[in-house]
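Engineer: Below: one structure in structure tokens.
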Amino acid sequence: MLDLFGPRWHIGCSPTGLALVQRDRFGHHVGVAIERDWPAGADPAAMLRSQLHIALDQAGCAGARATLVLSDDWCRIGIVRSAAQMAGSCGTAAGTGGWIWQASAGQPCLAVAIPAVLQAMLLDTVARYRLRGVVPVPHCLVAWKRWQGELKRGDWFGIVHDSRILLVSRTSGKMQGVMQQLLHQDDMKNPDWLAARACIESARLGVPAPSRIALCGEVPEPWTRALPGQLACIALREKKLPAGSLAVALAQAGIPA
């Protein structure tokens, strides 16, 4: 008989670390059970496999319900108007078998490609530990599903984590493009950086600039200090969840709102 009321585990995986976060049978956040990281120069897939096995053994969560969220730097991401455009949009060849596709609901949609080798390794681990209900999901899809109801019609949406930004441009509630960029410390300290980047993106896509950008994750505080008449940036933050590393943030992203 399945244990419907046992603890739930939430796993976050980046190329440089992982974290396991636990909730109890009542859905209360218990805390970060395990957090591991490794050097950036190491083979990320090999390190993830070995460290994930060690972490799952240590946590003793075999047979439990779980979620698994991947950082977006594992993936290729694009906006597509139809399923037929999916492969070309994200820069991969259709039919190669090298990538596994996932997409958000609606048209246009956010399309994400996960390396098939990584997907197979994770599913093998899921099967080995009998984790229930687990499908590896990219962070951007989880974040979009979580926050789209908070967006106004003309808002752009973004994620900031680990000195990276992913920005989804929108017009009249429809997704138009996606931009990913590394952030320098000066960028995050500059209150005008986000507005300048949005102007560049709107000109590149030929769409109106937003009046507001809604960001989740590690939102730089200077970006939220908009003066009247300037681009407004709002920070979308979960309540009652402690801050942590990228891997912890990914794990917590799997916790239902």
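For the sequence shown, our numbering gives the first residue as 745, with consecutive numbering after it.
Yeah, the Cβ is synthetic: ideal placement off N, Cα and C, and Gly gets one too.
1) Could you tell me the boundaries of the alpha helix (DSSP H) in which residue 940 lies?
2) So what does DSSP say about residue 882, is it helix, strand or coil?
3) Is residue 788 helix, strand or coil when you go by DSSP?
4) Please check the pair residue 782 and residue 795, which I expect to be a contact at CB under 8 Å, by giving their CB distance rounded to whole angstroms.
5) With DSSP as the reference, please indicate the residues paired to residue 845 in a beta bridge.
6) Tell me which residues share the same chain as residue 895 and place their Cβ nearer than 7 Å to its Cβ, disregarding the 5 neighbours each side in the sequence.
7) Count Cβ pairs between the region 927-946 and the region 960-970 that sit closer than 8 Å; are there 3 or more?
8) Look at the alpha carbon of residue 842 and the alpha carbon of residue 805, and state the distance between them as a whole number of angstroms.
9) List the residues that DSSP assigns as beta-bridge partners of residue 977.
10) Quick one: Cα of residue 903 to Cα of residue 807, how far?
11) Given residue 927, which residues of its chain have a CB within under 7 Å of its CB, disregarding the five upstream and five downstream residues?
12) Looking only at DSSP bridge pairs, what is residue 779 linked to?
13) Give me the Cα-Cα distance between residue 878 and residue 869, rounded to the nearest whole angstrom.
14) Pull up the distance between the alpha-carbon of residue 889 and that of residue 1001, whole angstroms please.
15) May I have the straight-line CA-CA distance separating residue 844 from residue 854, to the nearest angstrom?
16) Can you have a look at residue 917 and say buried or exposed, based on whether 16 or more other CB atoms are within 10 angstroms of its CB?
17) Return the chain-ordered list of same chain residues with a C-beta closer than 6 Å to the C-beta of residue 837, the five sequence neighbours on each side being excluded.
18) Quick one: grab the DSSP three-state call for residue 969.
19) Answer yes or no: do residue 753 and residue 764 have a C-beta to C-beta separation smaller than 8 Å?
20) Helix, strand or coil for residue 866, going by three-state DSSP, please let me know.
21) For the alpha helix (DSSP H) that residue 992 lies in, which residues bound it at each end?
Structural biologist: Taking the definition as stated:
1) As a first step, residue 940 is located in the sequence shown; it is residue number 196 there, counting from the start. Where residue 940 is concerned, the enclosing alpha helix (DSSP H) stretches over 937-949.
2) The residue given as residue 882 occupies position 138 in the sequence shown. If DSSP states are grouped into helix, strand and coil, residue 882 belongs with the strands.
3) Taking the first residue of the sequence shown as position 1, residue 788 is located at position 44. Correct three-state label for residue 788: helix.
4) Counting from 1 along the sequence shown, the entry for residue 782 is found at position 38. Counting from 1 along the sequence shown, the entry for residue 795 is found at position 51. Correct: roughly 7 Å between the Cβ atoms.
5) Looking up residue 845 in the sequence shown gives position 101. BP columns for residue 845 point to 857.
6) Taking the sequence shown and counting its residues from 1, one reaches residue 895 at position 151. Closer than 7 Å at Cβ, skipping near neighbours: 901 and 958.
7) yes
8) Translated into positions along the sequence shown, residue 842 becomes position 98. Translated into positions along the sequence shown, residue 805 becomes position 61. Near 30 Å, if we compare the C-alpha coordinates of residue 805 and residue 842.
9) Translated into the one-based positions of the sequence shown, residue 977 becomes position 233. BP columns for residue 977 point to 957.
10) In the sequence shown, residue 903 corresponds to position 159, counting from 1. In the sequence shown, residue 807 corresponds to position 63, counting from 1. In a straight line, the C-alpha of residue 903 is about 32 Å away from that of residue 807.
11) The sequence position of residue 927 within the sequence shown is 183, counting from 1. Cβ within range, chain order: 907, 908 and 909.
12) Numbered from 1 along the sequence shown, position 35 holds the residue referred to as residue 779. According to DSSP, which records beta bridges pairwise, residue 779 is partnered with 763.
13) Mapped onto the sequence shown, residue 878 falls at position 134. Mapped onto the sequence shown, residue 869 falls at position 125. Rounded to whole angstroms, residue 878 to residue 869 spans 10 Å at the Cα level.
14) What you label residue 889 is simply residue 145 of the sequence shown in a count that begins at 1. What you label residue 1001 is simply residue 257 of the sequence shown in a count that begins at 1. Taken atom to atom, the span from the alpha-carbon of residue 889 to that of residue 1001 is near 10 Å.
15) Locating residue 844 in the sequence shown gives position 100, where the first residue counts as 1. Locating residue 854 in the sequence shown gives position 110, where the first residue counts as 1. Their backbone Cα atoms lie some 14 Å apart in a straight line.
16) Along the sequence shown, read from residue 1 onward, the residue named residue 917 stands at position 173. Residue 917 comes out exposed.
17) In the sequence shown, residue 837 corresponds to position 93, counting from 1. Summary for residue 837: the model assigns pLDDT 45, below 50, so the residue's position carries little reliability; its value from the coordinates is reported in the next sentence. Counting only Cβ-Cβ distances below 6 Å, and skipping sequence neighbours, we find nothing.
18) Reading the sequence shown from its first residue, position 225 is the one you call residue 969. In this structure, residue 969 counts as coil in the three-state DSSP scheme.
19) The count along the sequence shown starts at 1 and reaches residue 753 at position 9. The count along the sequence shown starts at 1 and reaches residue 764 at position 20. In this structure, residue 764 lies closer than 8 Å to residue 753 by Cβ.
20) For the purposes of this step, residue 866 is taken as the residue at position 122 of the sequence shown. Helix.
21) The residue given as residue 992 occupies position 248 in the sequence shown. Here the alpha helix (DSSP H) through residue 992 covers 990-997.
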